[in-house]
Amino acid sequence: MIDWLISPLLDFGFMRRALVAGLALSLVAPPLGVFLTLRGMSLVGDAMAHAVLPGVAVGFLLAGFSLPAMSLGGLAAGLLVAGLAGSVSRLTGHREDSAIASFYLISLAAGVMLISLRGSSVDLTHVLFGSILAVDTTALWLIVGVSSATLVVLAAIFRILVVECLDPLFLRGQGIRGGAVHGLFLGLMVLNLTAGFQTLGTLMAVGLMMLPATAARFWSKRLEGLMGLAIAIGMFASVGGLLLSYHAGLPSGPCIILLAGAIYLLSALFGRYHSVFARWRRRVQPILPPDAHG
1 MIDWLISPLL
11 DFGFMRRALV
21 AGLALSLVAP
31 PLGVFLTLRG
41 MSLVGDAMAH
51 AVLPGVAVGF
61 LLAGFSLPAM
71 SLGGLAAGLL
81 VAGLAGSVSR
91 LTGHREDSAI
101 ASFYLISLAA
111 GVMLISLRGS
121 SVDLTHVLFG
131 SILAVDTTAL
141 WLIVGVSSAT
151 LVVLAAIFRI
161 LVVECLDPLF
171 LRGQGIRGGA
181 VHGLFLGLMV
191 LNLTAGFQTL
201 GTLMAVGLMM
211 LPATAARFWS
221 KRLEGLMGLA
231 IAIGMFASVG
241 GLLLSYHAGL
251 PSGPCIILLA
261 GAIYLLSALF
271 GRYHSVFARW
281 RRRVQPILPP
291 DAHG
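Just so we're aligned, residue 1 is where the sequence shown starts under the UniProt record's numbering, counting upward by one.
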């Protein structure tokens, strides 16, 4: 069993690079997902993951599979979509999540069209679904750098983010602009989605952000517990998904996301809070005789 778990990581450099990339993403993406769920913006992460596609496509058209060019283009596109959605929301009164959803559909179609102008179906598949086993040294440095910068910024604005989620009026009363905090948070999310597209693709990068966060909510009600569990689930899914893909000959990205999805389903069934089992237990307990409780 130890050989089954350790040998692939010791024997192959591409597995070690994939492992470091997966762990680095798992360290910062799930906490961002926790804040998204607290803000009621779970689907916004998915929308922003699609929004980076036109920028990635433009970088691909200009420089081929150049990671710096595609990452810079994806970051610019994501920030542009977030800014446009916020502007439309303020000018028209529509909900921001509705505006982001509209722009992400436009972005997805535009990105696919741009890649199709020059690339093949293989190129499109690589951009949409990524390949964590193909992570090279440049991509690894980018992912680790983005993760490190995100950790520093999150630590600096952590208290403000918590207050902005729970009581934005209090934050405004302290003279802190909630819009600036919201914009910075969206920028961090776009930055991490852009870093993650190389490993999991634009369509699945958000999975490592949201699935551990939503699974953790069935086990803890405290913010530090949510974040710690989300990170642990993300890391377990990354390591387990890589090993499963290696031994079973399956695509690595889908294995990671499906393993995280399996943990979410088990949490929804048997978690400590709000799960199917927890709700059943609350319904059954009142009808038990007093001595049956202990």
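Glycine included, each C-beta is placed from N, C-alpha and C at the ideal position.
- If you compare the alpha carbons of L243, L62, Y273, V58 with that of S7, the shortest gap goes to L243.
- Of the candidates A156, M209, L19, R281, the residue whose Cα lies closest to the Cα of A29 is M209.
- Take V181, set aside five residues on each side of it, and the residues of its chain with a beta-carbon closer than 8 Å to its own are I157, I160, L161, E164, L171, in chain order.
- For a cut-off of 8 Å, the C-beta gap from I100 to A47 is around 5 Å, short enough to register as a contact.
- Around the CB of S147, 16 or more other CB atoms lie within 10 Å, so the residue is classed as buried.
- For V112, the secondary structure class from DSSP, reduced to helix, strand or coil, is helix.
- Here the C-alpha atom of F60 lies approximately 7 Å from the C-alpha atom of S66.
- With a cutoff of 8 Å on beta-carbon distance, V153 and L75 are scored as not near each other.
- Take the alpha-carbon of M235 and the one of L140: they are about 16 Å apart.
- In this structure, I263 lies away from I231, with their beta-carbon atoms at least 8 Å apart.
- A260 is positioned such that its CB atom lies no closer than 8 Å to that of F218.
- Contact annotation: S102 and T194 have beta-carbon atoms that are not nearer than 8 Å.
- Around the Cβ of M15, a 10 Å sphere holds 16 or more other Cβ atoms; the residue is buried.
- In this structure P54 is buried. Its beta-carbon is surrounded by 16 or more other beta-carbon atoms within 10 angstroms.
- Comparing alpha carbon positions, the residue from S98, V239, V284, I257 closest to G40 is S98.
- When the beta-carbon positions are compared, A77 and A69 stay at least 8 Å from each other.
- For H274, no alpha helix (DSSP H) run applies, since DSSP gives it neither H nor E.
- A distance below 8 Å between beta-carbons, with the five flanking residues on each side excluded, links L151 to the following residues of its chain, in chain order: L27, V28.
- Annotation: the continuous alpha helix (DSSP H) that includes I257 extends over 252 to 270.
- Annotation: I132 is outside any alpha helix (DSSP H) and is labelled neither H nor E by DSSP.
- In this structure, A18 sits near L133, with a CB-CB distance shorter than 8 Å.
- The Cβ atoms of I143 and L25 sit closer than 8 Å to each other.
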